[in-house]
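Reviewing the structure listed below.
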Amino acid sequence: MKLLKVKRITNETEKMISNYPLLRGMFSPLGRCRRQRGDVFQLKSQSFFQFSLPKHLSFKQFLFITFLLLGTANLYSQTKDDFVEIEIDQTIDNVQPMTGIVYWRGSYTNTDAISLEFSYMLFNQVVSDSGDYNWEIVEDYLNQIASRGHQAIFRFRYAYVGKQTSVPDYIKAMPDYNEIEGTSEGRPTWFPDWTNDELKRFSLEFYTKFAERYDNDPRLAFIQVGFGLWAEYHIYDGPFELGVTFPSKQFQTEFFHHLDTTFVNTPFSISIDAASDIYSPFSVDEELYNINFGLFDDSFMHQHFGEEGEYNTESWNFFDRDRYLLNPAGGEFSYYSSYDQEHVLDWPDGSWGHPFEYWASEFHISYIIGADQPNYQTDNRIKQASMAAGYKFKLVSLKVSSDSAVAIVKNVGIAPIYYDAYISVDGVRSPISLKLLAPGDEIECSVSKGGTEAIVKIESDRLVEGQEIGFLGTENFLAVLEKPEPQNIFRVFPTLIRCGSIISIEGIQSSQNGFGVKIFDTNANLMMSNEFMGSKAKINTSLLKAGFYILKVNSKSGSINTFKIIVQ
Numbered sequence: 005m006k007l008l009k010v011k012r013i014t015n016e017t018e019k020m021i022s023n024y025p026l027l028r029g030m031f032s033p034l035g036r037c038r039r040q041r042g043d044v045f046q047l048k049s050q051s052f053f054q055f056s057l058p059k060h061l062s063f064k065q066f067l068f069i070t071f072l073l074l075g076t077a078n079l080y081s082q083t084k085d086d087f088v089e090i091e092i093d094q095t096i097d098n099v100q101p102m103t104g105i106v107y108w109r110g111s112y113t114n115t116d117a118i119s120l121e122f123s124y125m126l127f128n129q130v131v132s133d134s135g136d137y138n139w140e141i142v143e144d145y146l147n148q149i150a151s152r153g154h155q156a157i158f159r160f161r162y163a164y165v166g167k168q169t170s171v172p173d174y175i176k177a178m179p180d181y182n183e184i185e186g187t188s189e190g191r192p193t194w195f196p197d198w199t200n201d202e203l204k205r206f207s208l209e210f211y212t213k214f215a216e217r218y219d220n221d222p223r224l225a226f227i228q229v230g231f232g233l234w235a236e237y238h239i240y241d242g243p244f245e246l247g248v249t250f251p252s253k254q255f256q257t258e259f260f261h262h263l264d265t266t267f268v269n270t271p272f273s274i275s276i277d278a279a280s281d282i283y284s285p286f287s288v289d290e291e292l293y294n295i296n297f298g299l300f301d302d303s304f305m306h307q308h309f310g311e312e313g314e315y316n317t318e319s320w321n322f323f324d325r326d327r328y329l330l331n332p333a334g335g336e337f338s339y340y341s342s343y344d345q346e347h348v349l350d351w352p353d354g355s356w357g358h359p360f361e362y363w364a365s366e367f368h369i370s371y372i373i374g375a376d377q378p379n380y381q382t383d384n385r386i387k388q389a390s391m392a393a394g395y396k397f398k399l400v401s402l403k404v405s406s407d408s409a410v411a412i413v414k415n416v417g418i419a420p421i422y423y424d425a426y427i428s429v430d431g432v433r434s435p436i437s438l439k440l441l442a443p444g445d446e447i448e449c450s451v452s453k454g455g456t457e458a459i460v461k462i463e464s465d466r467l468v469e470g471q472e473i474g475f476l477g478t479e480n481f482l483a484v485l486e487k488p489e490p491q492n493i494f495r496v497f498p499t500l501i502r503c504g505s506i507i508s509i510e511g512i513q514s515s516q517n518g519f520g521v522k523i524f525d526t527n528a529n530l531m532m533s534n535e536f537m538g539s540k541a542k543i544n545t546s547l548l549k550a551g552f553y554i555l556k557v558n559s560k561s562g563s564i565n566t567f568k569i570i571v572q
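Per this note's numbering: the sequence shown = residues 5 to 572.
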């Protein structure tokens, strides 16, 4: 057997192969591959066909006959039925399914600024006795979320600061199970006993049962898994002991290989903290490292994020920043300081010099939990940020005949879509899936339905009622949010001062009718805050020590000007 790599197998080529017995006997599509697109192996725009070479033909003779027939078939198809180029004027006006800012389940969720809701889940809410599974609470949460036209992200956890574990009662009652009580963040906190064999067996069985029920459920977008506090792959404060309060590396290896075979359609993700060889075996187990899983970062966009050598950035790098090509990248905005949460979606400077759109593109983010953002940002700004995440499709061209259509689709987003989605013409789907189409890549989709008045859509079975996947038409292009040059409406001087000196603030426009001033140190601690009437003010810096500070001026109109101050 030999492998022939063909640049693109079109519908006409497939028809030609089926019409010629010689070629039909030699070509056969490779079978469906899990987490690959279509009925053949695909990598970007290439397809791979398996063929067997007849004994009476040399390889050169085979190639000559094949390409002669390919050329004849293509010429015939072009003259048989002329295609007409169709122009489509269509924009993307809504957050795309399975992307964007994520709110906690039921909080601020009656809005079109999001498409996803997050919820922690407890094992003992589903299982109380061995083998006795009650999915009522899972169903209730999924139905609530879907009723709002959203999809769920779930994370089951055992340990949570200040709380009991969610280990099922029947395991806790076993004589060889000894739950550990410790202190985390100054509060009594309980940790599972990972020496217990039943806890380990149950953990594997639980995800088997969960996947059997929900792996194909459109109400569920993604699942996050892990161990330790909040299932975030650490016990940063508390009684950490590998194999006791945290599962052994041997069991972790078994667990993730189990999930890799259990979840066929729904991507599962783990925390970037699993990069640490203190907690996990990924650094020494290449086979485990290479299984399919996504990543989430629970401290996204904190100070110094993205810098070389910074912990979170290096953790992303450890797992390979290209992992997003197969599995989703997500997380949660940083809670390292209140400043992070308050300013993470500020436009155009974000919390620390770059907007969310910049970092989302750098890390190819599909979703990010921003549960507190309604306290600090407008719905319009949150929706704008949501629409900057994940996939976004553009119809590059559409050609139709009386009975067929050929569309070229490009992903102009920052990440792939991780479920099957298909171009459809009047309800007839192309056999070519858009799943895993990488940012910047195009794919040709043929449809056995045509007509100049046909309705073109992108369809997917992984959507809930009210959701739809939009696309930019042939005449429309992605609006790029350029970071503007600073348009300061205030002047601050001097910015290099001695302790106790006066800083002057003046509104450039005489119409300024008041503003607020906040000064933060480099640890994002609020050092000074005041409100002023009129268009001028003076700030006494006697309370500031020598160092570097961020001064933010907030106008009554809502604009924010940021200045750097150095106190000597």
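By construction, the Cβ of each residue, glycine as well, lies at the ideal position given by its N, Cα and C atoms.
Local conformation of residue i per DSSP, three classes
i: P58; result: With a pLDDT of 47 at P58, under the threshold of 50, the modelled position of this residue cannot be trusted, and the question is left open.
i: K453; result: coil
i: H261; result: helix
i: R36; result: Caution is warranted here: a pLDDT of 31 is assigned to R36, below 50, making its placement in the model unreliable, and the coordinate value is therefore given only provisionally. R36 falls in the coil class under three-state DSSP.
i: I462; result: strand
i: Q491; result: Annotation note: pLDDT 49 at Q491 (below 50); position unreliable, coordinate value reported separately. Q491: coil per DSSP, three-state reduction.
i: N534; result: strand
i: L73; result: Low confidence applies here, because L73 scores a pLDDT of 48, under 50, leaving its location unreliable; read the following figure in that light. Of the three classes helix, strand and coil, the one that applies to L73 here is helix, per DSSP.
i: I373; result: strand
i: Q100; result: coil
i: D302; result: strand
i: L292; result: helix
i: E18; result: Residue confidence for E18 is low, a pLDDT of 49 falling below 50, so the modelled location carries little weight and cannot support an answer.
i: R205; result: helix
i: H238; result: strand
i: S428; result: strand
i: D219; result: coil
i: P435; result: coil
i: K167; result: coil
i: K396; result: coil
i: S319; result: helix
Whole-Å CB distance - residue i paired with residue j, under 8 Å assumed
i: V468; j: A177; result: Rounded, the Cβ-Cβ distance is 39 Å, inconsistent with contact.
i: Y423; j: K439; result: 6 Å
i: S275; j: G230; result: 5 Å
i: S532; j: I523; result: It is Met, not Ser, that sits at residue 532 in the sequence shown. With 8 Å as the limit, M532 and I523 qualify as a contact, their Cβ atoms being about 4 Å apart.
i: G374; j: F337; result: 5 Å
i: G298; j: P332; result: 4 Å
i: S408; j: V451; result: 6 Å
i: K189; j: T169; result: The residue you asked about is not Lys; residue 189 is Glu in the sequence shown. Wrong, their Cβ atoms sit about 16 Å apart, outside the cutoff.
i: I509; j: V557; result: 6 Å
i: S273; j: Q228; result: 5 Å
i: R191; j: V165; result: 6 Å
i: H261; j: I295; result: 7 Å
i: Y174; j: S132; result: 7 Å
Identity of the residue in the options nearest residue i by Cα
i: D144; options: G135, A156 and D136; result: A156
i: L146; options: S508, G104, S437 and S123; result: S123
i: R502; options: G104, K549, S355 and D241; result: K549
i: Y218; options: N200, F255, T249 and F267; result: F267
i: F573; options: V130, V142, K167 and P192; result: With the chain represented from 5 up to 572, any question about residue 573 goes unanswered, as that position is not in the structure.
i: V106; options: G417, S428, P378 and G511; result: P378
i: S341; options: M305, G444 and G334; result: M305
i: N269; options: V521, D465, S559 and H358; result: D465
i: A225; options: C449, Q100 and E510; result: Q100
i: A393; options: F367, T566 and V400; result: F367
i: S405; options: E463, I427, R433 and A458; result: A458
i: R223; options: F494, Y174 and G153; result: G153
i: T249; options: W139, D197 and Q148; result: D197
i: G417; options: Y553, N98, M391 and T199; result: M391
i: T382; options: L330, G334 and V348; result: V348
i: I462; options: G470, T456, F475 and G455; result: F475
i: Y240; options: D350, W363, T187 and N220; result: T187
i: D221; options: F360, Y380, D350 and P271; result: P271
Beta-bridge pairing of residue i - partner residues as DSSP gives them
i: P192; result: T187
i: S119; result: Note: S119 sits in no beta bridge, so no partner.
i: L548; result: Answer by DSSP bridge pairing: none, since L548 is not bridged.
i: W108; result: F122
i: I274; result: L299
i: D133; result: D136
i: Q228; result: R159 and S273
Segment contact flag, the segment 208-223 with the segment 232-241, C-beta cutoff 8 Å, min 3 pairs: no
Assess contact between the segment 473-483 and the segment 92-99, defined as three or more Cβ pairs (one per stretch) separated by less than 8 Å. Is contact present? yes
When you compare the segment 159-174 with the segment 114-131, are there three or more beta-carbon pairs, one atom per stretch, that lie closer than 8 Å? yes
Under 8 Å, with one C-beta from each stretch per pair, do the segment 378-393 and the segment 316-326 reach the 3-pair mark? No, they do not touch.
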